[in-house]
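Remarks on the structure that follows.
2 protein chains.
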Amino acid sequence: MPQKVRIALDAMGGDVGAAVVVPGAAISLNRYPDTEFVLVGNRALIEEQLAKHPALKAASRIIHTEVAVSMEDKPSQALRRGRKTSSMWLAIDAVKKGEADVAVSAGNTGALMAMARFHLHMLEGIDRPAIAGLWPTVRGDSVVLDLGATIGGDARHLVALAIMGSAMARVLLNIERPTVGLLNIGTEEIKGHEEIREAGERLRAMAALNYVGFVEGDGIGGGAADVVVTEGFSGNIALKAAEGTARQISDFLRQAIAQSWLSKIGYLFAKSAFRSLRDKLDPKKANGGVLLGLRGVVVKSHGGTDAEGFAYAVDWGYEMVRYDLLTKINQMLNREGGGIVPDPSTPEAVS
Amino acid sequence: MPQKVRIALDAMGGDVGAAVVVPGAAISLNRYPDTEFVLVGNRALIEEQLAKHPALKAASRIIHTEVAVSMEDKPSQALRRGRKTSSMWLAIDAVKKGEADVAVSAGNTGALMAMARFHLHMLEGIDRPAIAGLWPTVRGDSVVLDLGATIGGDARHLVALAIMGSAMARVLLNIERPTVGLLNIGTEEIKGHEEIREAGERLRAMAALNYVGFVEGDGIGGGAADVVVTEGFSGNIALKAAEGTARQISDFLRQAIAQSWLSKIGYLFAKSAFRSLRDKLDPKKANGGVLLGLRGVVVKSHGGTDAEGFAYAVDWGYEMVRYDLLTKINQMLNREGGGIVPDPSTPEAVS
Chain A
239 MPQKVRIALD
249 AMGGDVGAAV
259 VVPGAAISLN
269 RYPDTEFVLV
279 GNRALIEEQL
289 AKHPALKAAS
299 RIIHTEVAVS
309 MEDKPSQALR
319 RGRKTSSMWL
329 AIDAVKKGEA
339 DVAVSAGNTG
349 ALMAMARFHL
359 HMLEGIDRPA
369 IAGLWPTVRG
379 DSVVLDLGAT
389 IGGDARHLVA
399 LAIMGSAMAR
409 VLLNIERPTV
419 GLLNIGTEEI
429 KGHEEIREAG
439 ERLRAMAALN
449 YVGFVEGDGI
459 GGGAADVVVT
469 EGFSGNIALK
479 AAEGTARQIS
489 DFLRQAIAQS
499 WLSKIGYLFA
509 KSAFRSLRDK
519 LDPKKANGGV
529 LLGLRGVVVK
539 SHGGTDAEGF
549 AYAVDWGYEM
559 VRYDLLTKIN
569 QMLNREGGGI
579 VPDPSTPEAV
589 S
Chain B
239 MPQKVRIALD
249 AMGGDVGAAV
259 VVPGAAISLN
269 RYPDTEFVLV
279 GNRALIEEQL
289 AKHPALKAAS
299 RIIHTEVAVS
309 MEDKPSQALR
319 RGRKTSSMWL
329 AIDAVKKGEA
339 DVAVSAGNTG
349 ALMAMARFHL
359 HMLEGIDRPA
369 IAGLWPTVRG
379 DSVVLDLGAT
389 IGGDARHLVA
399 LAIMGSAMAR
409 VLLNIERPTV
419 GLLNIGTEEI
429 KGHEEIREAG
439 ERLRAMAALN
449 YVGFVEGDGI
459 GGGAADVVVT
469 EGFSGNIALK
479 AAEGTARQIS
489 DFLRQAIAQS
499 WLSKIGYLFA
509 KSAFRSLRDK
519 LDPKKANGGV
529 LLGLRGVVVK
539 SHGGTDAEGF
549 AYAVDWGYEM
559 VRYDLLTKIN
569 QMLNREGGGI
579 VPDPSTPEAV
589 S
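Going down the list, the protein sequences come from chains A and B.
Our numbering applies: residue 239 is where the first sequence begins, and numbers increase by one.
Our numbering applies: residue 239 is where the second sequence begins, and numbers increase by one.
Have a look at this one:
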């Protein structure tokens with residue numbers, strides 16, 4: 239039997255904290271019983287929740303701290319106040335020390351990124367972190383990155399994102415040779431950033447990647463590629479524009495149905511259709527993002543999620559460890575590193 | 239009685255050409271009878287359509303040409319092949335010569351932009367063109383720009399977009415002091431391009447604009463501002479991501495309903511709710527975009543639209559002329575030009 243997956247949880251993270259994190263972990267443990275947990279935070283609050291989940295209690299140990307990063311802290315404040323003491327830091331620290339394989343937090347994204355980068359450091363050949371998420375498409379999920387960790391970036395950065403996203407799709411989506419596309423705005427000659435064109439040329443030359451070309455904004459949900467790569471500004475804008483549209487449509491549909499008795503009756507008949515729409519759009523299932531580029535696996539759950547949503551983030555953490563995300567990324571970096579690591583014989587590498 | 243609005247139509251533009259453009263013009267003429275049309279294209283094809291629309295025929299004259307820009311032409315090809323001869327060029331030329339007040343085309347966007355810029359030139363103080371569109375929000379439409387005309391841009395460019403978008407919102411949405419927001423990705427310290435922050439500071443100082451701060455991707459549809467400003471890459475990505483999501487959801491809902499008899503019966507009862515959702519999402523109503531920054535008004539309709547959709551683009555053209563878009567833009571540029579026009583006393587202005 240293989241080793242257990244050891245997951246460190248920031249039990250104070252998110253809008254609610256332990257009352258979401260602990261029951262969320264219990265749901266995930268039920269799906270993946272070969273898991274052990276390190277729960278970091280206020281012992282009394284954690285134990286109060288653990289009392290309701292004896293199986294989880296048996297699979298967990300607690301690291302006590304009274305310090306928690308708030309959702310409002312700026313990254314620099316969080317580092318100043320919470321370094322070495324906060325539940326977020328100590329969860330990352332468990333990964334750093336090799337006591338856990340992955341850290342999961344529903345806390346403040348900027349703080350989590352800053353602490354993870356500061357404490358775990360970047361992988362060889364990767365300059366800057368990325369956040370990757372799963373995007374529901376017409377033909378299953380796709381990996382989209384960067385969702386906002388790093389603004390801008392040259393061709394080399396985009397190639398690194400493609401490699402890391404590919405590894406993540408292999409692990410989470412179980413696709414052996416995931417297709418990779420670069421987000422762009424059409425194929426006319428005057429369009430497209432120079433760095434995107436250059437990245438496209440480099441990706442086309444990489445045998446280990448299944449590069450399929452440019453993907454437009456509507457191609458993400460259209461399933462044009464298993465992995466869609468873009469720098470963090472446009473990735474974040476795309477994600478939020480899509481989320482906002484989905485929310486707008488479901489709000490509007492609810493209002494329209496509430497407006498007449500006939501529609502309400504119709505809703506009862508068509509309930510299964512609406513339920514399957516709701517399941518499809520359920521943000522819980524695509525909850526959060528994976529911080530990529532670090533010497534360790536860190537998962538960010540949405541701060542406002544409930545236990546069920548948090549459980550999906552824990553599942554991601556489990557799967558990425560079980561199927562060796564970091565090893566796969568490192569293998570591809572070594573094999574295809576020429577595309578992203580500066581050639582040691584060139585002067586730039588010395589500087 | 240005020241002067242008639244004179245609209246030049248590229249009758250060969252779009253996937254279909256005259257069979258969409260002419261009936262579209264007829265629909266718009268019915269709404270705005272104080273319009274005259276210049277129809278540019280193949281006389282035989284136009285007259286065949288005009289025969290079915292006697293009122294439009296009475297309000298139109300034809301400029302004949304056999305040359306049409308294709309939807310596949312690159313901008314440079316279109317300029318080389320279609321300059322001075324194509325229906326697209328001649329429609330713009332009618333504006334240039336003062337024979338029409340606005341040109342409307344459903345043709346190739348890149349070609350239209352290149353020709354309009356080449357022939358009409360930019361407004362004083364504006365370096366680069368923009369495409370602005372209407373975005374349906376939870377509280378009515380907002381103006382969003384740039385949707386893809388110009389990639390990147392400094393603070394000065396973003397301020398110019400804010401001024402032009404504000405004028406467009408006054409004219410098309412009839413809002414006296416439209417709120418203006420800058421698209422960004424959150425307010426944490428590490429986030430946001432330098433040029434966006436600088437543009438925000440400049441906009442805050444402009445009394446003629448009602449600047450409300452940064453807007454995130456989901457704030458566009460959330461109605462966070464009447465005018466949302468961003469450079470063309472992210473604007474295009476946001477628009478397409480939102481359009482793709484809306485299409486994805488309505489496709490999915492249709493499939494889900496078709497899956498069971500109960501759902502189909504429910505659909506019949508809830509028909510009015512579904513119809514009002516369809517109206518709300520109807521891309522025809524937000525059809526196309528306005529090319530801003532030029533010494534003349536040019537409207538781009540979607541190439542794949544039908545007569546009803548094209549009529550909305552013609553309506554926009556009418557309203558922007560009737561309510562003096564260009565005058566309003568020029569007034570604001572003169573009043574607030576300090577924010578965007580280089581100070582003549584500085585050396586840069588000499589270069």
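For every residue, glycine included, the Cβ atom is placed at its ideal position computed from N, Cα and C.
On a predicted model such as this, the values are computed, not experimentally measured, just so you know.
Give the DSSP-derived three-state secondary structure of residue i in the structure shown.
| i | result |
| --- | --- |
| H357 (chain B) | helix |
| K312 (chain B) | coil |
| T375 (chain B) | strand |
| D456 (chain B) | helix |
| A498 (chain B) | Reading off the sequence shown, one finds Ser at residue 498 (chain B), where the question assumed Ala. If DSSP states are grouped into helix, strand and coil, S498 (chain B) belongs with coil. |
| E304 (chain B) | coil |
| Y449 (chain B) | strand |
| R435 (chain A) | helix |
| R415 (chain B) | coil |
| K478 (chain B) | helix |
| E427 (chain B) | Below a pLDDT of 50, predicted positions are generally treated as unreliable, and E427 (chain B), at 48, falls in that range; no measurement from the model is reported. |
| V254 (chain A) | coil |
| V274 (chain B) | As written in the sequence, residue 274 (chain B) is Glu, which differs from the Val given in the question. Three-state DSSP puts E274 (chain B) in a strand. |
| K538 (chain B) | strand |
| G461 (chain B) | coil |
| I389 (chain B) | coil |
| R394 (chain A) | helix |
| G527 (chain A) | strand |
| R319 (chain B) | helix |
| A329 (chain B) | helix |
For residue i and residue j, what's the separation of their Cα atoms in angstroms?
| i | j | result |
| --- | --- | --- |
| R533 (chain B) | H359 (chain B) | 6 Å |
| L529 (chain B) | L383 (chain B) | 10 Å |
| N474 (chain A) | A256 (chain A) | 28 Å |
| N346 (chain A) | V552 (chain B) | 48 Å |
| A398 (chain B) | L420 (chain A) | 30 Å |
| Y449 (chain A) | I567 (chain A) | 17 Å |
| E285 (chain B) | P292 (chain B) | 11 Å |
| R394 (chain A) | G386 (chain A) | 17 Å |
| I428 (chain B) | K478 (chain A) | With a pLDDT of only 49 at I428 (chain B), under the threshold of 50, the placement of this residue in the model should not be trusted; the figure read from the coordinates follows. Spanning the two alpha carbons is a distance of roughly 18 Å. |
| V254 (chain B) | V418 (chain A) | 34 Å |
| Y561 (chain A) | T388 (chain A) | 26 Å |
| E546 (chain B) | G251 (chain B) | 15 Å |
| A368 (chain A) | A338 (chain A) | 21 Å |
| P416 (chain B) | A463 (chain B) | 8 Å |
| V243 (chain A) | R442 (chain A) | 36 Å |
| V465 (chain A) | E481 (chain A) | 18 Å |
| N603 (chain A) | R366 (chain A) | Examination of residue 603 (chain A) is not possible in this model, given that chain A is present from 239 through 589 alone. |
| L506 (chain A) | T543 (chain A) | 28 Å |
| M326 (chain A) | A316 (chain A) | 10 Å |
| S510 (chain B) | I495 (chain B) | 15 Å |
Going by the DSSP bridge assignment, what does residue i pair with across the sheet?
| i | result |
| --- | --- |
| R366 (chain A) | In the DSSP output, where bridge partners are listed per residue, R366 (chain A) has none listed. |
| E557 (chain A) | According to DSSP, which records beta bridges pairwise, E557 (chain A) is partnered with nothing at all. |
| S324 (chain B) | B:V305 |
| V466 (chain B) | B:V382, B:G419 |
| S266 (chain B) | Bridge partners of S266 (chain B): none, in fact. |
| D248 (chain B) | B:V278 |
| L532 (chain B) | B:M360 |
| A341 (chain B) | B:A246, B:V536 |
Would you call the CB atoms of residue i and residue j closer than 9 Å?
| i | j | result |
| --- | --- | --- |
| L267 (chain A) | A246 (chain A) | no |
| I301 (chain B) | V333 (chain B) | no |
| G451 (chain A) | S380 (chain A) | no |
| V376 (chain A) | D489 (chain B) | yes |
| G541 (chain B) | V340 (chain B) | no |
| E469 (chain A) | G527 (chain A) | no |
| G363 (chain A) | L411 (chain A) | no |
| M444 (chain B) | L563 (chain B) | no |
Residues of chain E with a CB under 7 Å from the CB of residue i: which are they?
| i | result |
| --- | --- |
| N474 (chain A) | Note that chain E does not occur in the displayed structure, where the protein chains are A and B. |
Exercise for the section: Count the C-beta pairs between the segment 447 to 460 of chain B and the segment 435 to 447 of chain A that are closer than 8 Å, then say yes if the count reaches three, no if not. Expected result: When Cβ pairs closer than 8 Å are counted between the two stretches, the segment 447 to 460 of chain B is seen not to touch the segment 435 to 447 of chain A, the count staying below three.
Exercise for the section: Determine contact between the segment 495 to 505 of chain A and the segment 465 to 484 of chain B, defined as no fewer than three beta-carbon pairs at a distance below 8 Å. Expected result: no
Problem - Sufficient close CB pairs (3 or more, under 8 Å) joining the segment 350 to 366 of chain A to the segment 536 to 545 of chain A - result: Enough Cβ pairs lie closer than 8 Å, so yes.
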